[in-house]
Structures are given as C-alpha cells and as structure tokens.
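Going line by line, the protein sequences match chains E and P. Heads up, the first sequence stops at 216 in full-length UniProt numbering, and the numbers go up one at a time, no gaps. Heads up, the second sequence stops at 216 in full-length UniProt numbering, and the numbers go up one at a time, no gaps. Heads up: the structure comes next, in structure tokens.
Number of protein chains: 2
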Amino acid sequence: MDKVSNVRVGPLPNDSPYMKPFRLYFKQNGKEKNWDLVKAHDSVAIITLNKTRNKLVVVKQFRPAVYYGQICDYLNSVGSEVDSEKVIEMFPPKNAITMELCAGIVDKDISLVEIAREELIEECGYDVPVNRIEEVIRFRSGVGTTGSLQVMYYCEVTDDDKINGAGGGVDDELIDVHELSIEEAKEMLKQGTEHTSPPGFLFGILWFLTNKAQNL
Amino acid sequence: MDKVSNVRVGPLPNDSPYMKPFRLYFKQNGKEKNWDLVKAHDSVAIITLNKTRNKLVVVKQFRPAVYYGQICDYLNSVGSEVDSEKVIEMFPPKNAITMELCAGIVDKDISLVEIAREELIEECGYDVPVNRIEEVIRFRSGVGTTGSLQVMYYCEVTDDDKINGAGGGVDDELIDVHELSIEEAKEMLKQGTEHTSPPGFLFGILWFLTNKAQNL
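Set out below in structure tokens:
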C-alpha cells in the first residue's frame, strides 16, 4: 500500500469529476462578500465493532491529500526542480497512511443507510442488513471548504457476517482492514498524540468508548 | 449575521489566494494514479472553558460552504436561472450558521500556540499567556481533499481575562461568541442529532466532557 513513487504535481484539469472549485458571491449585512469553495460529495461513515472479538474494525489507506499536506512546504521550497525519489526518501509515504472509519461517498440514488451497508461490504467484507446499522449523528465536514454532510452510523458485526474474499475496496482502491482493541483505542486518544486520521474518526472512536464500550 | 442576500455562483478565479486546486500524480504498487486536491492552510482550534461560569466558549458564524452544501442540489436543478431571493426563501441562511471551536489558520511565522493565543483574543476577546494553553491532539482534516494539519488545544479562561471590545473576529469577519453550559453540551451530542458543526468541534466537546468536565 505504501509502495509509492513518481510523485509530481500538475494543474487541475477543467473536467475533474472529483474536484469542482468555484466562488460563491453573496451580500451579508449589506456588504458584498465572496467565498471560494469546492463541491464535494456527502458521505457516510460507520463505527464498526466486531463482537466476535470485541474489536473495532477500521480501515487503513494511503491518502494522497495527507501526503501532499506533509510535502507541500518542501515542494514549494524547491519550485519546479522536484526530484521524486528525494521526496519519497525525505517523506516516507507510509507516514501518510491514515486510520479511518469504514466510509464512502454518496454517489448513488439509494438511501444513506444502504450506502453505509454497501461500504461495509466493499471496504471491510461484512454483510449486514440495514436494520442492524444505527444512526449516531450528522454533521458538516470541511465547513470552510466543502460544507458537505457526513452521516455517522454504528454497527456491530460478527465473523459470521463475513463474506469470503470481500473487503479491501473496489476498483483501484487499496484498503487494509485493521482491528483495534478497546485498550488500543483508548491509548490512541491520549492527550498529546498526533494522528493522520481525520477528526470524524477521533470523534467516532471516542463516541464508541463513551456510549458502547462500558457494556463489553 | 444571517442577513444574507444576492447569492450567486461563479468560476474560481485563477488567482484565488484561498483555494489552490491541482492534481497530484503518483505510482502506487506499480500502477499510475492521481488524486485531485486543494491546498489549504494548517489550523489551530481551542476548546475554551470560562471558569467564572463553567461554560464552554464557542463561536457562531455564517459559513458559505455549509450554505452551498445545503443549496447545491437545488442550484443544479434550476441551472443558470437562479433567483437569489427564491433561494434565500427556500433555504434560510440562518440554517448555515455553524457552532465551532475558536479556531484560525496558520498564516503567520509564529508558533502554533501563539496563533491559538491570538485567535482567542480576536474571536473571543480573552487574552491569556501561552502557558495556560495546553495541547490536546493533532490530526489531519479533509483527508480526501486538503490533508491539512489541525492542532487542538484546551484553555481555561475567566472573565478577568476579557479585553474590553475584543472578540467577534477581525476585518470583515462576523463572529458571535456564545456560551454553552455543560448540560447543553451533553444534550447536543445525543444520538440522532444533526449539526452544522464540523467533526472537530464534536470531538472537542466530547473530549472536554470526558476529560475535564467531571471535576467541575
């Protein structure tokens, strides 16, 4: 997953299906203002507990955006003379592997909980009926950039729900499924730690520890 | 703050200082890939408790990105025939006012905790020395889009730290300072609720309730 090479940066093509930037104009309290935005899909995420072992099921993947966040100051300092091999050596791509909740974008015309169910199959290999997936909370991610909705769910699975050969993502996705003990989850959230994970993951783990872990 | 009108959408100018989109190319496990990104500033956020009243100090502001997230399906459905007054009527801008932690972007060459200190003055009007601002956790926001770092702090303030006339943001910012009781904070995080807030805010509030609120 972290065998990454040949890193280079180019302009955003006008026809990018993933990133549609624009400017929103408006008047606020009588004053003309504008805000630069990017359109992003809404998404779902699922806090997943495997009851067979009482372990949280999470996913790990190389995140180009996180990698760029780590290398951008260096890239800017060297200008156009980027030596990809040197970048890789100075900034090991494995440091841009994130730990996240099972999640996916809303790009189909089915219910949000159905999308959550499909992501549990595609990313983690567990097939459960939607009535076992409970909604936790809804919020807006990227309030300064995308403002897209994320719906967070909680689901308990067992090894009996596993589909042989499923999980790890679809198409070109390279997703590792990982299990996290409750002790590891607590340790992870200790004050002073640094994560490649997004805040929604940290919230999901802390929500689980607060609301579900006591009874295990 | 929610007196918003004349909403329209235009292309992103090439010289936007806030939004720099591009494409990152790389090879992963032998396969050529790319990912569309937008460069965003790193940021700091401060979980703030006013000890004089044992209330959390949070900020509220109209977020154009959240508003766009709410109206974009409608805008797309009507194409170029957007009637701004109708948009405002159908989607009241007050629904895009977010509740957030005091926060700010890293756009100065001073330490992160110094930036946190300045944001506490500018947004909330409290002036505290940096040794009263403790680091909580570091994570990456927008792992699919920006990958920028956010450092979260915790700070206890009192009414004696208040600077007369400070707070509410600088330049054109319209930021309302709001106080949240511990009961209100608990209520807010109840299962099944919907927020305009970002996940970092929800994590910060839950972290506070878990780690700091018991002793009050």
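The beta carbon of each residue, even a glycine, is placed where N, CA and C say it ideally should be.
Let me know the secondary structure DSSP gives residue i once reduced to three states.
i, result
"P/Leu120", "helix"
"E/Ala213", "helix"
"E/Ala185", "helix"
"P/Asn95", "helix"
"P/Lys162", "strand"
"E/Ser148", "strand"
"E/Glu100", "strand"
"P/Gly10", "strand"
"P/Val4", "strand"
"E/Val113", "helix"
"P/Val143", "coil"
"E/Val170", "coil"
"E/Val130", "helix"
Which partner residues does residue i have in the DSSP bridge list?
i, result
"P/Tyr153", "P/Ile46 and P/Glu135"
"P/Lys39", "P/Lys20"
"E/Asn34", "E/Tyr25"
"E/Lys51", "DSSP, once it has assigned bridges, lists no residue as partnering E/Lys51."
Could you give the first and the last residue of the continuous alpha helix (DSSP H) run that contains residue i?
i, result
"P/Gln70", "Pro64 to Val78"
"residue 252 of chain P", "Residue 252 of chain P cannot be examined here, being either before or after the span of chain P that is shown, 1 to 216."
"E/Glu85", "Ser84 to Met90"
Among the options, which has the Cα closest to the Cα of residue i?
i, options, result
"E/Gln150", "E/Asp160, E/Val157 and E/Phe139", "E/Phe139"
"E/Glu156", "E/Lys31, E/Ile46, E/Met19 and E/Trp35", "E/Ile46"
"P/Phe62", "P/Val177, P/Gly192 and P/Thr52", "P/Val177"
"E/Val128", "E/Asp36, E/Ala40, E/Leu49 and E/Gly144", "E/Leu49"
"E/Val143", "E/Glu119, E/Val38 and E/Lys60", "E/Val38"
"E/Glu122", "E/Tyr18, E/Thr146 and E/Lys162", "E/Lys162"
"P/Val7", "P/Met152, P/Trp35 and P/Leu75", "P/Leu75"
"P/Ser181", "P/Leu216, P/Ser141, P/Val78 and P/Val4", "P/Leu216"
"E/Val106", "E/Val44, E/Thr158, E/Ser84 and E/Glu85", "E/Val44"
"E/Lys94", "E/Phe203, E/Val4, E/Gln214 and E/Lys190", "E/Val4"
"E/Gly10", "E/Gly79, E/Ala185 and E/Asp171", "E/Gly79"
"P/Phe203", "P/Ile175, P/Ile88, P/Gln214 and P/Tyr153", "P/Tyr153"
"P/Lys60", "P/Thr158, P/Glu179 and P/Glu187", "P/Glu179"
"E/Met188", "E/Asp2, E/Gly125 and E/Leu56", "E/Leu56"
"P/Glu194", "P/Asn54, P/Tyr18 and P/Ala96", "P/Ala96"
"P/Leu120", "P/Lys31, P/Glu85, P/Val58 and P/Ser84", "P/Val58"
Which stretch, first to last residue, makes up the beta strand (DSSP E) that contains residue i?
i, result
"P/Val106", "Counting along the chain, P/Val106 falls outside any beta strand (DSSP E), and DSSP gives it neither H nor E."
"E/Asn180", "Looking at the sequence itself, residue 180 of chain E is Leu, so the reference to Asn does not match. Element bounds for E/Leu180: Asp176 to Leu180."
Looking at chain A, is there any beta carbon in it that lies within less than 8 Å of the beta carbon of residue i?
i, result
"P/Thr48", "Looking at the structure shown, chain A is missing, and the protein chains on hand are E and P."
Worksheet item: Do three or more CB pairs link the stretch 27-43 of chain P to the stretch 128-140 of chain P at distances below 8 Å?
Response: no
Worksheet item: Between the stretch 97-107 of chain E and the stretch 193-203 of chain E, do three or more beta carbon pairs fall short of 8 Å?
Response: Cβ pair count under 8 Å is three or more, so yes.
Practice prompt. Count the C-beta pairs between the stretch 201-215 of chain E and the stretch 106-115 of chain E that are closer than 8 Å, then say yes if the count reaches three, no if not.
Written response: With a cut-off of 8 Å, the stretch 106-115 of chain E and the stretch 201-215 of chain E do not count as touching, because too few Cβ pairs lie within range.
Worksheet item: Is the stretch 166-180 of chain P touching the stretch 66-81 of chain P, taking contact as three or more C-beta pairs under 8 Å?
Response: no
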